[in-house]
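Going by numbering that gives the first Met the number 0, the first residue of the sequence shown is number 0, and it counts up by one from there.
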Amino acid sequence: MLRLWTLVLTALLAATPVAAKRVALVIGNNDYENLTPLTVAVSDAQSHCSHLKNIRKFEHVDCLYNATKRQIDAGIITFLQNLDQGDTAMFVYAGHGVQLDPNVPETMFLIPTDLQKTGIEAGTEEWSLRQFAVQFDEVRAAVRKRGVRLSVFVLDNCRDNPLAGSSSRSLAMMSGLGRLPADRGEFIFFSASEGETALDRITDKDKNSPFTSAFLEEFLPNVPLVTVANRVEQSVLRLTRNAGLPPQRPRYDDNVEGEGCLEGVGACSPDRDDAEVNRQVNAALVSQEYQGLVSLISKIPNHPRQPEVIAAIETHHKIDLQHTELDLVALKRMFATLVRHPRREEVRELIRRAILLETCVDLQRYGWTCPVADVADVVPETVANVDEPIAEPTATAPQKTPFETLSSAIDLASLEGFNLPLARLQEALFVLDFYQGRADGKNGPQTRAGIADWRRSVGSKAVDRDLLAVEQLLLIQQAAEKSPSSRALLGLFKAQGIGFDKNLAEGRALLKQAINDGFKDGQAWLDSLNKL
């Protein structure tokens, strides 16, 4: 059995997803061979690269300066190769750009330094640019195909019309960029509004464009992208107006959940404003109001004070449980600790009921009637005649929890050495809506809270930090209905008799279902199974 489990674990480890990473490509072009040169686009790109490496701590940052078409194409290929499913992608471009039709996103192009504008004749604009420039929409589509979690695009490229001297009338009339709606999972920053020309710089001493200066000042860890965009807009408007120049209004388009976050969830990170987080936690702990505690927990992932909130929620769950258990010892201990808790009187009432329950059981054991109506439904029937032989109350079998029902069908002896990678368990908790984080294999506060919530839902009384072997198997069994990867795991277990009676046909059928539903590692697992 241990040999079979070793085979399963080897397959699992080979397919266990790695932690998501952040990957960026930054391009800055000043020195155009045949177009009007720019002054600070390369400096802008250098500032972006330094910021992403040193401030935002991106795992991969590639930087291209004064890049030709061939160099940009090669850089994009490397960028795409570095991206894996669930990653965050960031693409920054500073330089010339043009959009042939302001209402058609597919006609927007990023201009390499070696573009020959004299060869672009009327009627051939789009075809020529497709060959000699970089179609931005194709870059976006290629990034989407990598299955990234979030794509952030920063475009500081509508500085002027770089092809105004072309023989093409449509190009000569272009100014700025038009509409470019974001697709799902995308957040796009534009340095100016539709049709506006973005400034290369305000004064000759400026190292960066006004947009880049404002963006890097606001694009900080733990700040939502929507907040960054709004602050950058106000900052650039202020800079251009104060300089007596036509106002430049940066804009953005997004199609992401919430406010757009590179880290964390909701408000991005608990320590973005630690004083505010502490204020919210303190208020929640003082009030001890259940819904307030539950709503707060998702806003402070990985915060040092999250365990305090989890403990407060657990107290509510313990009180709820005592409505059925009426454990007098536990209730007395609880009452002594909940000095200012809003449910302390409720606990005091439960103590009264627990005392009465014990008294009534003893009374009825000897044939006396229990006079208390509010405990009559949880004590044995009154013995009718005291002169008759006293019979022990008939024990009523307690109702089985889902955990007890499911685990009774599992062969515990076959689980020797059974321990799934935590990332697989996080995936299962995620599809069952008990966990909202990434499958990163780290047993942090969010993961522990998800495990606790799942245990409560199935009635498991385990208190270990990690899931027991039988719990892991039950979790995968539940998740198999929604998750192809969990269904494949269940098939692997059933085919080899791990936790269940060995059923090779059923196991293969589950694996094939998972393969049909898109689980990419399923075929390799099935092939390994067939070799046994």
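Note that CB positions come from ideal geometry on N, CA and C, so glycine has one too.
All figures in this text were calculated on a predicted structure; none of them were measured in a lab.
Inter-residue CB distance, residue i and residue j (contact presumed, cutoff 8 Å)
i	j	result
F186	L154	With a Cβ gap of about 12 Å, F186 and L154 do not count as contacting.
R148	A19	6 Å
S190	P104	That pair is no contact at about 17 Å.
H322	L292	About 19 Å; that fails the 8 Å criterion.
E193	P101	7 Å
Q477	L431	6 Å
A479	G521	With 8 Å as the limit, A479 and G521 do not qualify as a contact, their Cβ atoms being about 13 Å apart.
H59	N81	5 Å
Minimum C-alpha distance to residue i - residue among the options
i	options	result
V133	G146, T106, T123	T106
P420	I110, L467, S456	L467
C551	L424, F108, A44, S192	The structure shown does not extend to residue 551, since the chain is modelled only from 0 through 531, so no value can be given for it.
S49	Q287, E288, D252, L219	L219
G259	E193, A181, V328	A181
K298	H316, Q279, Y289, R69	Q279
R352	V328, D203, A335	V328
V25	A282, D199, I75	I75
T35	S46, E193, D199, Q130	D199
K441	L79, Q425, G521, F433	Q425
Y92	N28, A461, D72, R69	N28
I54	N529, R69, E137, E217	E217
Q247	T211, G436, A141	T211
Q305	G506, P444, I450	P444
E256	L224, A451, L320, L82	L224
E137	N81, N156, Q115, D72	D72
T196	N65, N515, N156, T358	N156
R507	R339, L489, D516	L489
Beta carbon of residue i nearer than 8 Å to that of residue j
i	j	result
L472	W524	no
N254	R143	no
A494	L503	yes
T87	L261	yes
S484	F518	yes
G94	L179	no
A427	L474	yes
E345	I318	yes
E307	L284	yes
L79	A140	no
Contacts around residue i, its chain only, beta-carbon distance under 6 Å, and the 5 residues preceding and following it disregarded
i	result
M89	A23, V151
F57	R21, A23, L51
T67	P111, T112, D113
A213	V231, S234, V235
G146	Q84
R343	L337
E387	The pLDDT assigned to E387 is 44, lower than 50, so where the model puts this residue is not dependable; a value taken from the coordinates is nonetheless given after this. None.
K511	none
P209	L198, I201, V235, L238
P269	Below a pLDDT of 50, predicted positions are generally treated as unreliable, and P269, at 49, falls in that range; the measurement from the model is reported next regardless. So the list reads V276, I299, H302, once near-sequence residues are dropped.
L528	A494
Y31	T112
R436	Here residue 436 turns out to be Gly, not Arg, going by the sequence shown. For G436, where only same-chain residues beyond five positions count, the Cβ hits under 6 Å are Q445.
In DSSP terms, what residue i is bridged to
i	result
Q98	M107
L149	T87
A93	G27, D155
D252	I187
D432	Paired residue(s): none; D432 is not in a bridge.
V61	Going by the sequence as given, residue 61 is Asp instead of Val. In the DSSP output, where bridge partners are listed per residue, D61 has L24.
Q134	F108
Cutoff 7 Å; reference residue i; Cβ partners in own chain excluding five residues on either side
i	result
A242	I201
F108	G96, V97, L128, A132, V133, Q134, F135
A394	Its pLDDT being 42, under 50, A394 is placed unreliably by the model, and the measurement read from it follows with that caveat. Taken in chain order, the list of residues that qualify is empty.
H315	Y289
Contacting residues, own chain, Cβ-Cβ under 8 Å from residue i (five flanking each side not counted)
i	result
V377	Here V377 scores only 49 on pLDDT, less than 50, and its place in the model should not be relied on; the value that follows carries that caveat. The residues are L325, L356.
R447	I309, R464
N207	V39, S42, D43, S46, R200, L215
R568	With the chain represented from 0 up to 531, any question about residue 568 goes unanswered, as that position is not in the structure.
A396	Low local confidence applies: a pLDDT of 45 at A396 is under 50, so the model's placement there is unreliable, and no value is given.
I354	L327
Proximity test, residue i beta-carbon vs the ligand NAP heavy atom, cut-off 7 Å
i	result
F188	No copy of the ligand NAP appears in this structure; indeed no ligand is present at all.
Cβ of residue i within 8 Å of any chain C Cβ
i	result
F108	Protein chain content of the structure displayed is limited to a single chain, and chain C is not contained in it.
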